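Visitor:
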Amino acid sequence: MPAYLKAALWIGIIGALFMIFPALLVIAVLILLWWLISNLTENGPKWIWWQRDALFLWLGRFRWFGKLPWVSSILRRVQAEEENRKEEAQRRKAEANAREQAERDKAQKEYDTLIERAIPPDIKRDMRAFLDGSFVGEDRSPLAYVGYRVGKTRGLVSRERQKRLEVCFRIEIPTDLDAKYQKWGRPATYQRFHSIERHLKMLADMRSGRSNLKFAVADWEEDRAWFLDEFRDLAGLLQRHSPRRYW
């Protein structure tokens, strides 16, 4: 059956239904009005031209429509604009892909630089001493493993504490530590970043009301603020673009 006969048949069927069931016609008209008003409210009068152009593009697939003298010029313009829109969309997509690849390369480079950085000898000694059982203290977390200490009596100066936080962020956590610390995540990941930050906050919050630990609490709060400022952006970047070793 030719396409125009099929279209006429469907139009006839729909028209018959509306004649038999007038309520359907009323509902259809109300839906159409709601659709028109909502689109005009949201997009303004230009929406009408968008619909006209879309209709012209759809009808333009039929040869007979393109041969009509009163629409040929409009159809050519609409088709040219559509082609320009497609080219613009492709250009934007290519630019977005290039930006994403550049960000991915940056993430990999910063990750490699961080992971390959040598561990200072004094921190290595503290790590060996911890595994040998020479560590003294309550906290036996990965922070203690790298020799991180706070407080007035045995605490380290800010720079030394921060060095140890940086090392803790980028090393493997040994299986000798409590199994729960394996949930801190892999080296230089957002999970590791979040775990260290959360642990520092927990230590400070648990002891904030004890006057004899005010220096330790101040150290934890200072170090947490430094750690957030130092690694938040990098951790977010590595969360968006996982390093190749984690693929």
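Going by our numbering, the first residue of the sequence shown is number 21, and it counts up by one from there.
The beta carbon of each residue, even a glycine, is placed where N, CA and C say it ideally should be.
Keep in mind it's a predicted model, so treat the numbers as computed, not measured.
(1) So, are the CB atoms of V166 and I143 less than 8 Å apart?
(2) Do you know how far the Cα of E130 is from the Cα of K183?
(3) Below 8 Å, how does it come out for the stretch 192-207 and the stretch 249-257: are there three or more Cβ pairs, yes or no?
(4) Decide if M222 is buried, meaning its Cβ has at least 16 other Cβ atoms within 10 Å, or exposed.
(5) Where does K200 fall in DSSP's three states?
(6) Between S161 and H219, how many whole angstroms is the CB-CB distance? I'm expecting something under 8 Å.
(7) What are the start and end residues of the alpha helix (DSSP H) that includes P162?
(8) Report the residue from Q211, Y210 and R244 whose alpha carbon sits nearest the alpha carbon of D225.
(9) In angstroms, rounded to a whole number, what distance separates the CA positions of A122 and E241?
(10) Residue range of the alpha helix (DSSP H) that P141 falls in?
(11) Short check: CB of G175 to CB of A118, under 8 Å?
(12) For Q211, which residues from the same chain have a beta carbon less than 6 Å from its beta carbon, with the 5 sequence-adjacent residues on both sides left out?
Guide: Inspection of the coordinates gives the following:
(1) yes
(2) 17 Å
(3) no
(4) exposed
(5) helix
(6) 6 Å
(7) P162 to Y165
(8) R244
(9) 35 Å
(10) P141 to L151
(11) no
(12) G205
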